[in-house]
Structure formats: C-alpha cells, structure tokens
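Numbering (numbering that gives the first Met the number 0), first residue to last: 0 to 464.
Below you'll find the structure, written out as structure tokens, and then a few comments.
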Amino acid sequence: MKGLSNNYEENISVLRQLLDSGRNFDILEKHLLIAEHSASLFFIDGLVKDDILEKLLEYFYSLKPEDLPDSPEQFQMQNLPYIEAETLTQMEDILKNLLSGVPCLFIKGMPDCLAIDCRTYPARSVEEPFKDRTLRGSRDGFVETVVFNTALIRRRIRSPKLCMEMLTAGQSTLTDIVLCYMEDRVDQICLKRLKKRIDEISVDSLTMNQESLAELLLPGRWFNPFPRFHLTERPDTAAASVLEGNIVILVDNSPSAILLPTTLFAITEEANDYYFPPITGTYLRLSRFLIMVISLVLTPFFLLLMQNPGWIPESFQFIRIQDTVNIPLIWQFLLLELAVDGLRLAAIHTPDMLSTPLSVIAGLVIGEFAVNSGWFNSEVMLYMAFVTIANYSQSNAELNYAVKFMRILLLLLTCWFGSTGFIAGLAITFVSLLGCRTFSGKGYLYPLIPFHWKTLRRQLFRMKL
0 MKGLSNNYEE NISVLRQLLD SGRNFDILEK HLLIAEHSAS LFFIDGLVKD DILEKLLEYF
60 YSLKPEDLPD SPEQFQMQNL PYIEAETLTQ MEDILKNLLS GVPCLFIKGM PDCLAIDCRT
120 YPARSVEEPF KDRTLRGSRD GFVETVVFNT ALIRRRIRSP KLCMEMLTAG QSTLTDIVLC
180 YMEDRVDQIC LKRLKKRIDE ISVDSLTMNQ ESLAELLLPG RWFNPFPRFH LTERPDTAAA
240 SVLEGNIVIL VDNSPSAILL PTTLFAITEE ANDYYFPPIT GTYLRLSRFL IMVISLVLTP
300 FFLLLMQNPG WIPESFQFIR IQDTVNIPLI WQFLLLELAV DGLRLAAIHT PDMLSTPLSV
360 IAGLVIGEFA VNSGWFNSEV MLYMAFVTIA NYSQSNAELN YAVKFMRILL LLLTCWFGST
420 GFIAGLAITF VSLLGCRTFS GKGYLYPLIP FHWKTLRRQL FRMKL
C-alpha cells in the first residue's frame, strides 16, 4: 500500500474509499476548520474518549492562522496538547491505527497524518478470575484489554529491565500480541525463536485468541493430550514467571496469559503454594501431585483387581463388589466418564440461580436411582465420585482432560489385556509425557528428566523466598 501524497483531497478520498465510510455507520468523519485550514478527523464511534476529543476540538477551533506551522511534526510538538500522538506517512499504518480505535487527523497543507491515541475499549472490571481463585493474595485478574493487562504486570515489576514488545498477527484481525520479559534474565535464544515464529505466522485471523496462537507457535501431535503451555489469569502469577526468566505472552481480547517455556511441574503449581508458609505450601503441592496420580490409576487398578480377585489380600476383601454385576465394569466406568462430562457441560450452561439445586439433584437423586436400578454398582459410583472431585484439585483444565484420556486408555487396555495392558497403559502415559516437547526444547519432565536435583527440590518443596 502506497504512502500519502501531498494532495489533501486525494488522501481523504482514498481513505474514504478504503474504509467505505458511506456504508459503515460507525466510521465517522468530522469536517473541521483549524486556523482557517480545512481538516478531517476520522474515528470509530464507541472507541474514543468523548471528553478528551471534545477538549481537543475546542482547542483546535481556537487556533489562529499564525499558530499553524507547516510540518505536522512541529504541529505535534507546539500545538497539540496531548501526549499520545504520532505522525503517520503510510496509508497502511493509518488504516491499522484507525481501525484499532485511534482517531486520525488530516490538515490541508500538511502532507502527513496525525494519529491521536485517545481511544478506549469496552472493558469489565479488574476482578479475581473465577478459575484461579486463592484463599489469600491479590484479588485482581487479567481482562480482555491488553493495555490494562500490561499495566497490571508493570505495577508489580518496577524495573527498567522489564520489556514489553508489541507484535501483530492475522491479516484481517491484526491482533496485538505483547511479549513480556526481563531483559537480563530471559533466554535470548528462546526469545529470538519466539519472535521469528510470530513474524512467520501467516493466517487470516487468530480466531480463538491465545489458543490459536499457541497452536501456531508449537504445533504438536494431535494424539498427545498433555498441555505444553501454561495459561493463567492472575497478574501476580504472570509477574512471578517473568521474574523467573520466563516469557509471558498477552493477546488482545483474551483474559489469559501464556507462560513459556513450561514443564509439567510448572503447570501444576498454583498461587496458593506461595501465599501460605513453606510447610503448608509444600503439603498442598505434594498433595496435588499425589491426587493426580491416584485419579489416573484408581479406577483401572480397581478393574484389574476385580478381574483377578485372588490378588486382593485378606484384610482388603471388603473392596470386592458385593452386589450383582448386571453391566460389565468396563462399561460402567466408561458410561460414568461420559455422564460426568455431560453433567459438567450442563452446569456450564445452567443459569446461576439454578446451578446449585440442579447439581444436588444430579449428584444425589440420579446417583441413588442409578445404583438402585442396577445400572451401576455402588463401589463403581464411589471411585468415580472420587476421580471426579480429584479432577478439580488441578486448576489447569487441559491437564485434567489429559489425565482423563489416559485413564480411559488404561481402562480399555486393562479390560482387554489384564495386567499386561495395565502396565502398557502406564508405559504409554510415561512415553507421552517424555515425548511432549516444550517451546524451549527442554524435556516436559524437567528437572526430573533430565535430572537436576536443585531445581527439582524447588519444584517439589516450597522453599523460603
């Protein structure tokens, strides 16, 4: 796209044609007379601060011909009482700024355009995220406006070494992407690789915001369900990650931040681990790991024992199913896995005022009648109830579903091949974890594999800060 010409009318005509302002009602053009010179101000209705724009217009109307310089640079320095302004010479830059909400001013006799950044976006309040709640700590969270999110991080890290670089992706959306990192702590090789991949992204739009960007940055095997990116909606978590030398990616229109590089141990960390004393934080962290492992192997191991009742010690004979088994255990577990997801989806779309009573009905009434009718055995319902509750011990939804898929695979292999299938399922899970590569190239199980005791100790045990 070519640059601006010296003809004021030609520039205005080209911009009107590109914007199709006659059809788009929200693209407005206001004709002005600034120091007896014709001027046109283009802006998007609803994306500008009306009070600031009114004060600027009032000031423009008060200018006299001798107050108007010849160059836009001098006009910006001497006659524009606003901080966020720049001179644009390319029509492509003008379109990008204008469609982002920045008002653009053309003055007859000046060859360039003035972009006055007095835009504002509809935004919700900065409140604690619903998913990453903590018992202690700050109560603010990221929102859908990227400038607000960068301010939340900048407020916590008052260092000149904190860098925030703005990039764009998407030919139609031109989505803003901000890279936050500490200049003296970040892995420079990883940072260069990240910038290169973002620059090479050639898509029309980032339809699903940070998820689309994550899939483009690190395309992986579709059959490996383990997440390779750590998402958070908490500014304190993002700030802590930046101070540890990681890179935080903020995407406009998304309330989540991508933390990278990451590992399995980093994904399982939570803010609660650091808002309690070290011994309490260590207990929470180790409990979370243990519950995740138990939720993976509990139902497959129970199925294996029911297939081989002779393996059960005499003191644990009470775990055997006492009632009649009308439906094979494998089908009971698979049906309950599907039913749990069905109830979860129903809870998402249920109005808030009905979610509590309906969840009680689903949990008690349906479960009780399912056992009494003979569809499910009470032992199966008990273990599936534990597994369902255990899933919520992890705040990362992607990791929960990864554990769920591996548990279903373990169930099927145990049903088909017995103890051999159970061992093979565990081996497949371990290989999936081992083969999951992060953006930095390090192992997904680092610092366990490759082993680094000092780092592993800090991952498992909550040390003093």
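Positions of the beta carbon are idealized from the N, C-alpha and C atoms, including for glycine.
Under three-state DSSP, which class holds Phe301?
-> Counting from 1 along the sequence shown, the entry for residue 301 is found at position 302. Helix, per DSSP.
When DSSP labels each residue in this structure, what does Lys195 get in the three-state scheme?
-> For the purposes of this step, residue 195 is identified with residue 196 of the sequence shown, where counting begins at 1. Note: Lys195 maps to helix in three-state DSSP.
For Gln458, count neighbouring Cβ atoms within 10 angstroms of its own Cβ and tell me buried if that reaches 16, exposed if not.
-> Position 459 of the sequence shown, counting from 1, holds the residue named residue 458. By the neighbour-count rule (16 or more Cβ atoms within 10 Å), Gln458 is buried.
Hey, is the segment 437-445 in contact with the segment 182-197, meaning 3+ C-beta pairs nearer than 8 Å?
-> yes
Assuming Ile257 and Phe228 make a contact with CB atoms under 8 Å, what is their CB distance in whole Å?
-> If you number the sequence shown from 1, residue 257 lands on position 258. If you number the sequence shown from 1, residue 228 lands on position 229. That belief holds up - the Cβ atoms of Ile257 and Phe228 are roughly 5 Å apart, short of 8 Å.
Skipping 5 residues on each side, what residues in its chain have a beta carbon closer than 7 Å to that of Thr88?
-> Counted from its first residue, the sequence shown places residue 88 at position 89. Taken in chain order, the residues that qualify are Gly2, Leu3 and Asp111.
Mind checking Val386: buried by the 16 CB within 10 Å criterion, or exposed?
-> Within the sequence shown, numbered from 1, the residue matching residue 386 stands at position 387. Buried.
Which partner residues does His30 have in the DSSP bridge list?
-> For the purposes of this step, residue 30 is identified with residue 31 of the sequence shown, where counting begins at 1. Per DSSP, Ser39.
Using alpha carbons as the reference points, say which of Lys453, Ala238 and Phe222 lies closest to Ile427.
-> Counting from 1 along the sequence shown, the entry for residue 427 is found at position 428. Per the Cα distances, Phe222.
Please determine, among Ala345, Arg287, Ser286 and Tyr7, the residue with the shortest C-alpha to C-alpha distance to Ile106.
-> Within the sequence shown, the letter at position 107 stands for residue 106. Of Ala345, Arg287, Ser286 and Tyr7, the residue nearest in Cα terms is Tyr7.
Inter-residue Cα distance where the pair is Gly424 and Leu295 = In the sequence shown, residue 424 corresponds to position 425, counting from 1. In the sequence shown, residue 295 corresponds to position 296, counting from 1. Rounded to the nearest angstrom, the two C-alpha atoms are 11 Å apart.
Same chain, Cβ closer than 7 Å to Ile11, neighbours up to 5 away in sequence not counted = Start at 1 with the first residue of the sequence shown, and residue 11 comes out as number 12. Residues of the same chain with a CB within less than 7 Å of the CB of Ile11, apart from the 5 flanking positions on each side, are Ser39 and Phe105 in chain order.
In this structure, does DSSP put Val202 in helix, strand or coil?
-> The sequence position of residue 202 within the sequence shown is 203, counting from 1. In the structure shown, Val202 sits in coil (DSSP, three-state: anything other than H, G, I, E or B).
Straight-line Cα distance separating Ile293 from Asn399 = On the sequence shown, residue 399 is found 400 positions in, with the first residue counted as 1. On the sequence shown, residue 293 is found 294 positions in, with the first residue counted as 1. Whole-angstrom Cα-Cα distance: 13 Å.
Between the CA atoms of Arg456 and Glu316 - distance to the nearest angstrom | Counting from 1 along the sequence shown, the entry for residue 316 is found at position 317. Counting from 1 along the sequence shown, the entry for residue 456 is found at position 457. This sequence places Gln at residue 316; Glu is not what is there. Whole-angstrom Cα-Cα distance: 39 Å.
Enclosing beta strand (DSSP E) for Phe147 [first to last residue] | Counting from one through the sequence shown, the residue named residue 147 turns up at place 148. Where Phe147 is concerned, there is no enclosing beta strand (DSSP E), although the alpha helix (DSSP H) around it starts and stops at Val145 to Arg155.
For the beta strand (DSSP E) containing Ala114, list its first residue and its last residue.
-> What you label residue 114 is simply residue 115 of the sequence shown in a count that begins at 1. First-last of the beta strand (DSSP E) with Ala114: Cys112 to Ile115.
Pick from Thr167, Asp183, Gln209 and Glu182: whose alpha carbon is nearest that of Lys195?
-> If you number the sequence shown from 1, residue 195 lands on position 196. Closest in C-alpha terms to Lys195, from the list Thr167, Asp183, Gln209 and Glu182, comes Thr167.
Kindly list the residues whose CB is nearer than 7 Å to the CB of Met165, restricted to its own chain and excluding five residues on each side of it in sequence; keep chain order.
-> Indexing the sequence shown from 1 puts residue 165 at position 166. Contacts found: Asp175 and Val177.
Using the Cα positions of Gly21 and Arg15, report the straight-line distance between them to the nearest angstrom.
-> Position 22 of the sequence shown, counted from the start, is the residue given in the question as residue 21. Position 16 of the sequence shown, counted from the start, is the residue given in the question as residue 15. Cα-Cα distance, rounded: 8 Å.
Got a sec, what are the start and stop residues for the beta strand (DSSP E) Leu104 sits in?
-> Here residue 104 refers to the residue found at position 105 of the sequence shown. First-last of the beta strand (DSSP E) with Leu104: Cys103 to Ile106.
CB of Phe59 within 8 Å of CB of Pro68, strictly | Here the question's residue 59 lines up with position 60 in the sequence shown. Here the question's residue 68 lines up with position 69 in the sequence shown. Going by C-beta atoms, Phe59 is not nearer than 8 Å to Pro68.
Return helix, strand or coil for Met181, following the three-state DSSP convention.
-> In the sequence shown, residue 181 corresponds to position 182, counting from 1. Correct three-state label for Met181: strand.
Determine the direct distance from the alpha carbon of Tyr274 to that of Met462, and round the result to whole angstroms.
-> Position 463 of the sequence shown, counting from 1, holds the residue named residue 462. Position 275 of the sequence shown, counting from 1, holds the residue named residue 274. For Met462 and Tyr274, the distance between alpha carbons rounds to 12 Å.
Mind checking whether Ile266 and Asn395 have CB atoms under 8 Å apart?
-> The residue labelled residue 266 in the question sits at position 267 within the sequence shown. The residue labelled residue 395 in the question sits at position 396 within the sequence shown. Contact flag set, yes.
Does DSSP put Thr428 in a helix, a strand or coil?
-> Stepping through the sequence shown from its first residue, residue 428 is reached at position 429. DSSP places Thr428 in helix when its eight states are reduced to three.
When DSSP labels each residue in this structure, what does Thr174 get in the three-state scheme?
-> Position 175 of the sequence shown, counted from the start, is the residue given in the question as residue 174. Strand at Thr174.
From this set, Ala369, Pro312, Phe288 and Ser286, which residue's C-alpha is nearest Ile326's C-alpha?
-> Stepping through the sequence shown from its first residue, residue 326 is reached at position 327. Measuring from the Cα of Ile326, the nearest candidate turns out to be Ala369.
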